Structure formats: structure tokens, C-alpha cells
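Written below as C-alpha cells is the structure these notes are about.
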Amino acid sequence: MESTSRTEVVSENEQNYDRISELKAFDETKAGVKGLVDARITKVPRIFFSPPDRFDKVSSPVKAQVCIPVIDLNGIDNDPILIKSSVDKVRGASETWGFFQVINHGIPVRVLEEMLDGVRRFYEDDTEDKRKWYTRDGLKTVVYNSNFDLYKGVSTNWRDTTYCTMAPNPPSLDELPKSCRDILVEYSREVMKLGRFLLELLSEALNLKPSHLNDMDCAEGLALLYHYYPACPEPELTLGVTEHTDYDFFTVLLQDHIGGLQVLYQNQWIDISPVPGALVVNIGDLLQLISNDKFKSGVHRVLANNVGPRVSVASFFTTGLMPSSKLYGPIKELLSEDSPPKYRETTPREYSLCHNARGLGRTSALTDFKL
Ligand code: OGA
Ligand code: NI
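Heads up, the sequence shown is in full-length UniProt numbering, so the first residue is 1 and it goes up one at a time.
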């Protein structure tokens, strides 16, 4: 049988089928995409069809050769030469890709593995204990659902996600799912430590004093988004995550060995292949805004795959929807007559609301804050 392609499915998306009813029916199962796979479906339901994006057609001879920089942090503490060379690499990566990977980052491999195991345990626990976390109330400490933008996004993704707010107000253990609560707390502590260190490198990469971004409280808030991408029977028809930029200051991503994450670079999709023990770091919209476009919030997506499940944990550094009065605008030290501010000030909450209202697959919310 000939397989359908994402080009052919566009017409189905344009047909006026009752998409909302089908989305509702899916939402009401409270079982996510994993529930469909458990029911052994062999066809991808049409709500998941995604149109090809503007860059799918670009042939990519460079694809095989380029990859995001990998920065080795081994022994970096108190070694000024290593710090300088790492800062230069962080600067180069943040100005061009908006993405880099770090190895020897100080988080033990055991913690990374236990975190990924905890994510699998959460989603593969089919008791009421998982279902009770399913909600669309974004203010809860734990928000488990499928597609946060289900009713708004351009298309529905082949992915389930749980959003846990871990800082600045750490939840107590009984506010977290039993299946992964201990490792969520341990991993958060480790990733917060790494995040604060990365902010020192990022500050220096902007030619600011090392404490600048930490003093601005860019690591005040931390949300862990843990994702589950079930194996997909027709991966060419849908996506794991539609193209987007992250709405935080920066993200530290832990991915398993499966792959599928891609970054847009010079109008081509480039694979971010899993490197054992590594963490992917990417600049978010808020850091692009306060750096006045010096750093770039990289556009990325995740392909669907017939192998799976793939699991990943994205650590979002932002206070998100929490009430906040702290205003963030382009950093004064980075401005001059030749380099006037490009954005108006905003709060992480206002920015998150703006991002959530759009859903994925539309232009970045940054355009709304341009002066
Ligand atoms: C995200 C994201 C990528 C992944 O959570 O914003 O892009 O590999 N995740 O899960
Ligand atoms: Ni992302």
C-alpha cells in the first residue's frame, strides 16, 4: 500500500470536519496519545495530521555534516582558561544556533537515567494515580495532559506532557505523582545548580559580570516538562512537537537515545542527535528579549517516530504563569546609540500568557513585544 504523505493530508485538514468534537472526545479519554496506542490503533486519527512546514522541501546536503556545538565543562571550576574558551563557545552557539549541548556538566548519569525511568513509570502507570493529574488548569502544580494547546494549536501533536512547577515554591512530596516524586525533586535540585552555572557563562558571553543574569533572577523559576512520545504507526503524517521557540529564559533538555529533535539552522532542519550523558541547552524567547536579539531563541521541533516511546525532560527556567511584577526588558548595558532597545518590557507571566494564547506553530510571541 502506498503511504500517504504530509502534503496529501493538508486537504483533509481543510475539509470542514467537526474537529472540535473529535478533539473533545480525545481530551475526555484523559488517556492521551498513549491511550490510543494502548488501544492498538493502526491509523493516525485525522486530528493529528500536520501540514508540511515551510522548510520540509529544502534539500539538505549539509545536514550530515553540521551539528550544534558540544561544550565540555569538565574541570571548568576555577580554571580561567577553560572558562574563557567555554564562554566563547557559548557565545558563538547562542548567537547562531540558539542551541548547544553540554557534557561533564556535573549531573551524575545515575540521576539522568533515574529521571528518564521516572518519566516512563509515570506514563506507564495505568491506575487512577496517573489519571487524577489530567487537567487543563495551568495553575496547578502538576498539569498532565496531551497538547497544552489542544484547542488552539495548528495541529495536534503525537505527545503527552506533564508540567511540574518546582521553583520558586518547591511543592511538598505529596503534591507530586508517586511514580516519580523523589527523582523529580532530586533532578530539579541538580538542574537548578547547573542552570545557575550556565547563567554565569551566558552573562560572560554577553560581556556582563558573571552574576548579572542570576542577579536578575533568571533562574528564580523552574518548571519541569516531562514528555512521552509513543511509537507512531504512521510517523510521516504527524509530529511529536510542532516547530516553536521556548517562552522561557533558557531550557535544559534531557532526551533519551531515540532522537527526533531538530533545530532550524540556515533554513534547514538539523538533527540534534542524542549524545550519551549530554544535556541540550537552548536560548528561550525571554533571553532573546533581554539580550536585545544578541542571543537567538532557536526554532525547533520533534519528529514522530515508529520506534518508541521516546521520553524527554525539558527544564524551563521561568516563573511562567506565577504572578510577578518583575519587569524584563533589554539589558541597559547592552544598549547604545547604535543599538537601541528592540523590545518593550514584560513580565514572565504576561509573556507566558501571550505564548499560550497562540499555541504552537504560529509566529513567535516575541513579535508582539517588538518596539
Ligand atoms: C519543549 C521541547 C523537545 C523534546 O519541551 O519545548 O521542545 O525533545 N521539547 O522533548
Ligand atoms: Ni521547545
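Beta carbons are placed, not taken as given, at the ideal position from N, Cα and C, and that holds for glycine.
This one's a predicted model, so the numbers in the text were calculated from it and none came from an experiment.
Check your understanding: Quick one: does the C-beta of S312 sit closer than 8 Å to a heavy atom of ligand 1?
Key -> For the purposes of this step, residue 312 is identified with residue 312 of the sequence shown, where counting begins at 1. Because some heavy atom of ligand 1 lies under 8 Å away, the Cβ of S312 counts as near it: yes.
Check your understanding: Which of helix, strand or coil does DSSP assign to F26?
Key -> On the sequence shown, position 26 is the one that residue 26 refers to. In this structure, F26 counts as helix in the three-state DSSP scheme.
Review point. Which term fits K294, buried or exposed, when burial requires 16 or more other beta carbons within 10 angstroms of its beta carbon?
Key: Position 294 of the sequence shown, counting from 1, holds the residue named residue 294. Buried, by the Cβ-count rule.
Check your understanding: So the beta strand (DSSP E) Y265 belongs to, where does it begin and stop?
Key -> Taking the first residue of the sequence shown as 1, we reach residue 265 at position 265. Where Y265 is concerned, the enclosing beta strand (DSSP E) stretches over 261-265.
Point to revise | Three-state secondary structure assigned by DSSP to L335 | key: Residue mapping note: residue 335 aligns to position 335 of the sequence shown, counting from 1. If DSSP states are grouped into helix, strand and coil, L335 belongs with coil.
Exercise for review: Kindly list the residues whose CB is nearer than 7 Å to the CB of P341, restricted to its own chain and excluding five residues on each side of it in sequence; keep chain order.
Suggested key: For this step, residue 341 is matched to residue 341 along the sequence shown. N292, G329, P330, L335, L371, listed in sequence order.
Practice item. Please list the segments of the beta strand (DSSP E) lying wholly inside the stretch 157-186, counting only runs of 3 or more residues, in order along the chain. Key: 160-167
Review point. DSSP three-state call for S3: helix, strand or coil?
Key: Within the sequence shown, residue 3 is the residue found at index 3, counting from 1. A caution first: S3 carries a pLDDT of 49, below 50, which makes its placement in the model unreliable, though a value can still be read off. In this structure, S3 counts as coil in the three-state DSSP scheme.
Point to revise | beta strand (DSSP E) segment containing H355, residue limits | key: As a first step, residue 355 must be located in the sequence shown, where it is residue number 355. From DSSP, H355 is part of no beta strand (DSSP E) but of the alpha helix (DSSP H) over 348-358.
Check your understanding: Would T245 be called buried (16 or more neighbouring beta carbons within 10 Å of its own) or exposed?
Key -> As a first step, residue 245 is located in the sequence shown; it is residue number 245 there, counting from the start. It is buried - the Cβ of T245 has at least 16 other Cβ atoms within 10 Å.
Practice item. Run the CB neighbour count on I290, radius 10 Å, all protein chains shown included, and call it buried at 16 or more, exposed below. Key: To locate residue 290, count along the sequence shown from 1; it is residue 290. Buried, by the Cβ-count rule.
Check your understanding: Where does G106 sit, in a helix, a strand or coil, going by DSSP?
Key -> Here the question's residue 106 lines up with position 106 in the sequence shown. The answer is coil: DSSP assigns G106 none of H, G, I, E or B.
Practice item. Locate the beta strand (DSSP E) running through residue 374, then write down its first and last residues. Key: Outside the modelled stretch of the chain, which goes from 1 to 371, sits residue 374, for which no answer is possible.
Check your understanding: Are the C-beta of M115 and some C-beta of chain D separated by less than 9 Å?
Key -> Looking at the structure shown, chain D is missing, and only one protein chain is on hand.
**Study point:** Reduced DSSP secondary structure (H/G/I, E/B, other) of H212
**Key:** The residue given as residue 212 occupies position 212 in the sequence shown. Helix at H212.
Check your understanding: For the beta strand (DSSP E) that contains G240, what are its first and last residues?
Key -> Locating residue 240 in the sequence shown gives position 240, where the first residue counts as 1. 239-244 is the extent of the beta strand (DSSP E) around G240.
Exercise for review: Decide if D248 is buried, meaning its Cβ has at least 16 other Cβ atoms within 10 Å, or exposed.
Suggested key: As a working mapping, residue 248 is identified with position 248 in the sequence shown. Classification of D248: buried, given that the 10 Å Cβ count is 16 or more.
Check your understanding: Between which two residues does the alpha helix (DSSP H) containing T96 stretch?
Key -> The count along the sequence shown starts at 1 and reaches residue 96 at position 96. Looking at the DSSP string, the run of the alpha helix (DSSP H) that includes T96 is 80-96.
Review point. If we ignore side chains and look at the alpha-carbon of each, how far apart do C180 and A231 end up?
Key: Here the question's residue 180 lines up with position 180 in the sequence shown. Here the question's residue 231 lines up with position 231 in the sequence shown. Approximately 22 Å between the Cα atoms of the pair.
Point to revise | Separation of W158 from G32, as counted between CA atoms | key: Within the sequence shown, numbered from 1, the residue matching residue 32 stands at position 32. Within the sequence shown, numbered from 1, the residue matching residue 158 stands at position 158. So the alpha carbons of these two residues sit roughly 9 Å apart.
Point to revise | Cβ pair residue 422, V119 closer than 9 Å | key: For residue 422 there is no data in the structure shown, the boundaries of the chain being 1 and 371.
Practice item. Give the straight-line distance between the Cα atoms of T242 and V302, rounded to the nearest whole angstrom. Key: Residue 242 sits at position 242 when you count from the first residue of the sequence shown. Residue 302 sits at position 302 when you count from the first residue of the sequence shown. Their backbone Cα atoms lie some 7 Å apart in a straight line.
Practice item. Determine the contact status of R131 and K30, defining contact as a CB-CB distance below 9 Å. Key: The sequence position of residue 131 within the sequence shown is 131, counting from 1. The sequence position of residue 30 within the sequence shown is 30, counting from 1. Yes.
Exercise for review: Count the C-beta pairs between the stretch 75-89 and the stretch 266-283 that are closer than 8 Å, then say yes if the count reaches three, no if not.
Suggested key: no
Review point. Does ligand 1 have a heavy atom nearer than 8 Å to the CB of D246?
Key: Within the sequence shown, the letter at position 246 stands for residue 246. D246 Cβ: within cutoff of ligand 1.
Check your understanding: Would you call the CB atoms of T156 and W133 closer than 9 Å?
Key -> For the purposes of this step, residue 156 is taken as the residue at position 156 of the sequence shown. For the purposes of this step, residue 133 is taken as the residue at position 133 of the sequence shown. Taking 9 Å as the Cβ cut-off, T156 and W133 do not qualify as a contacting pair.
Point to revise | First through last residue of the beta strand (DSSP E) which encompasses R301 | key: Taking the sequence shown and counting its residues from 1, one reaches residue 301 at position 301. Run containing R301: 300-303, per the beta strand (DSSP E) assignment.
Check your understanding: Is it right to say S59 is buried, meaning 16 or more other beta carbons lie within 10 angstroms of its own, or is it exposed?
Key -> By 1-based counting over the sequence shown, the position of residue 59 is 59. For S59, the predicted model reports a pLDDT of 48, less than 50, meaning its position is unreliable; a value from the coordinates is still stated below. S59 should be labelled exposed.
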